[in-house]
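What follows is a set of notes on a single structure, which appears directly below.
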């Protein structure tokens, strides 16, 4: 395959777990809650999906379990932050470390266990398209599901009443209360749904992409997802583009190495992070002014 | 070799469990006049990772089970996920409290803790797997390791014979000498039966990162590589990527033919049982001081009991190939045999090992170049 198809197709496959998590984080942050435990939700999602896929022999039950596990961990975050008023940063990080410890402990039994993974399914006709076929239509079903979830999330957030309530919880929560809605409930719901998306991202990693469970296998993708939401100025469509861009940056190193590139391995390793800095420099101040107002308050209060 | 936050957390949990059942006796009070470790009734094994990782740590665990079989009355204490810091020393102290006078510290980075514990307990033998002691070796300590590039050379023969595209792929972590020697030996083995075989290398800069492994495997498979092998701590991802793509696999660490029934060729796998048992016997009999294990011991096909052996063959290995491998193994055991028997050229075509020269184990331990036929740049 050409370098372009390799890197872009690899970017879609490798970026999808990040995209799921970032999409979920977008929902939560739109409601005014930042969840640094996204990495943890991905971890419990990855293990939950793997364990259930191994036990039932059906990867789709694994997908369900991944979403449930991710949702449960973020439910704790919602309880601590929304109900108990805990610091969003402290709660998110604590839950990440809790997830790391728990998944190491309970995941040990699943290391090296063979799993029935979600296989590749080529979309008829479309997969034969030149260039676009290999890049977009020769993947696993969870990737096709994400193609639908991105516009759906956008539509719900910006074109439905529920979406309006979520965004109001993130912008002017007091006006919700005036109208008889509970901002706390809306936020909690958004955080749990966001965690379920992160769990789906973890599930994609363990039972569709890497086909293995290993402790700490998410290795930073959840943090990339949280950063990505800011680059994407809280827009689901931009989250999709950004996640693929990160995926491509990760795929570029191996693709060049496999072609006998003379570039230094360690130089290739820094590409994703260099990309992050470039995006930050380009976007600059624009991102902060676009942040949901209640989210800005979180940053200001947490000195 | 690998250290992670998760490992550290789990390691603390292990330590806590050990603490709760340890006795309160002063470890210094049970010094006897005999040789260190003589007549011990318990043996400790500490590993840096989980005992079922399909890899390095599982091999250690299986070795400890072989010791248990050979010494049924011996109490075997194991601790997994022990980080390469002072936690390792604490864990070993607990084992000594429970009566262990012989401890295997099995990760490269456990050496400092092993030497510290050995110094505090002259009556206890602490051996370490993989590293080397550069100062004077204490009476009650030593290191040991095998020669993994020898079976990788044999696996290269299998790969070079089986490939149809003449392209072999190697996923590795870091350009350390042990890995470089493995890659070179693999290519040398392939070249010995297939002069067109080349080995394309992709690094992940990580001992176990399934996401990166998948990206690396995909990039190799898209370049028409039809045999994948690796030097990683966790191996399932690369093996399954090959199997899904209909490519062949040479395993590492453990026999993974169960997850690659179609593409499994063979692999370099561990069998620590015989060597561990021999070390235990030496210690229990009171012969440790001055023995070959009371130094930096390296073992290969020439010395026998190499803890690295070739795994079982898959269906795609012909009888002729099996015969070639058997002959090559016999040759490696002779004085003239080595994966790096000269002449060996580096990537630029310069002769780096002269015709007729046989590099020593120590020279191979410091290997810093790729041989001709290996594709990829060695990061400096």
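Chains as they are written, first to last, in our numbering: chain S, 4 to 306; chain B, 7 to 386.
Where is the CB? At the ideal position from N, CA and C, for every residue including glycine.
{"Query": "Every unbroken alpha helix (DSSP H) inside the region 273 to 306 of chain B [4 residues or more]", "Result": "279 to 290"}
{"Query": "Interface residues of the region 179 to 213 of chain B facing chain S [CB-CB below 9 Å]", "Result": "180, 181, 206, 207, 208, 209, 210, 211, 212"}
{"Query": "Close beta carbons around residue 221 of chain S, own chain, < 7 Å, minus the five adjacent residues each side", "Result": "42, 45, 46, 49, 205, 208"}
{"Query": "Residue 416 of chain B: first and last residue of the uninterrupted beta strand (DSSP E) it sits in", "Result": "This structure cannot speak to residue 416 of chain B, because chain B is shown only from 7 to 386."}
{"Query": "Chain B contacts from the region 106 to 140 of chain S (Cβ-Cβ distance under 7 Å)", "Result": "107, 108, 111, 114, 115, 117"}
{"Query": "Member of B:151, B:147, B:144 whose CA lies at the smallest distance from the CA of residue 137 of chain B", "Result": "B:151"}
{"Query": "Chain-order list of residues whose beta-carbon lies under 6 Å from that of residue 37 of chain B (same chain, five-residue window excluded)", "Result": "Reliability of the predicted coordinates at residue 37 of chain B is poor, the pLDDT of 46 falling under 50, and no value is obtained from them."}
{"Query": "Outcome for residue 186 of chain B when other beta-carbon atoms lying within 10 angstroms are tallied against a minimum of 16", "Result": "buried"}
{"Query": "Cβ of residue 383 of chain B within 8 Å of any chain C Cβ", "Result": "Given the protein chain composition of this structure (S and B), no chain C is represented."}
{"Query": "is_contact[residue 220 of chain S, chain B] using C-beta, thresh 8 Å", "Result": "yes"}
{"Query": "Beta-ladder partner(s) of residue 125 of chain S, from DSSP", "Result": "S:141"}
{"Query": "Where residue 367 of chain B falls: helix, strand or coil (DSSP)", "Result": "helix"}
{"Query": "Reduced DSSP category for residue 135 of chain B - H, G, I as helix; E, B as strand; rest coil", "Result": "strand"}
{"Query": "Outcome for residue 329 of chain B when other beta-carbon atoms lying within 10 angstroms are tallied against a minimum of 16", "Result": "exposed"}
{"Query": "Neighbourhood of residue 117 of chain B by C-beta, 6 Å cutoff - its chain only, sequence neighbours within 5 removed", "Result": "134, 137"}
{"Query": "Minimum C-alpha distance to residue 249 of chain S - residue among S:189, S:228, S:184, S:75", "Result": "S:228"}
{"Query": "8 Å Cβ cutoff met for residue 33 of chain S and residue 169 of chain S", "Result": "yes"}
{"Query": "Where residue 204 of chain B falls: helix, strand or coil (DSSP)", "Result": "strand"}
{"Query": "Minimum Cβ-Cβ distance from residue 52 of chain B to chain S less than 8 Å", "Result": "no"}
{"Query": "Buried versus exposed, by CB contacts within 10 Å (16 or more), residue 325 of chain B", "Result": "exposed"}
{"Query": "For residue 23 of chain S, the nearest candidate out of S:259, S:92, S:196, S:274 (CA to CA)", "Result": "S:196"}
{"Query": "Alpha helix (DSSP H) segment containing residue 70 of chain B, residue limits", "Result": "62 to 76"}
{"Query": "Nearest-angstrom Cα separation, counted from residue 59 of chain B out to residue 383 of chain B", "Result": "30 Å"}
{"Query": "Residue range of the beta strand (DSSP E) that includes residue 127 of chain B", "Result": "No beta strand (DSSP E) contains residue 127 of chain B, which DSSP labels as neither H nor E."}
{"Query": "Residue 153 of chain S burial status per 10 Å Cβ neighbour count (16 or more: buried)", "Result": "buried"}
{"Query": "From S:269, S:200, S:194, S:132, residue whose alpha carbon lies closest to that of residue 68 of chain S", "Result": "S:200"}
{"Query": "Under 7 Å from the C-beta of residue 265 of chain S: neighbouring residues of chain B", "Result": "383"}
{"Query": "DSSP three-state assignment for residue 344 of chain B, whether helix, strand or coil", "Result": "coil"}
{"Query": "DSSP beta-bridge partners of residue 258 of chain B", "Result": "B:274"}
{"Query": "Sheet register partners of residue 147 of chain B (DSSP bridge)", "Result": "B:132"}
{"Query": "Spatial neighbours of residue 245 of chain B in its chain, beta-carbon cut-off 7 Å, leaving aside the 5 residues before and after", "Result": "255, 257, 262, 265, 266"}
{"Query": "Where residue 178 of chain B falls: helix, strand or coil (DSSP)", "Result": "strand"}
{"Query": "C-beta atoms of residue 211 of chain B and residue 9 of chain S nearer than 8 Å", "Result": "no"}
{"Query": "Residue 73 of chain S versus residue 45 of chain B: straight-line alpha-carbon distance, rounded", "Result": "52 Å"}
{"Query": "Residue-level contact to chain S via CB, residue 221 of chain B, 8 Å cutoff", "Result": "yes"}
{"Query": "Cut-off 6 Å between Cβ atoms - residues of its own chain near residue 116 of chain S, not counting five sequence neighbours on either side", "Result": "57"}
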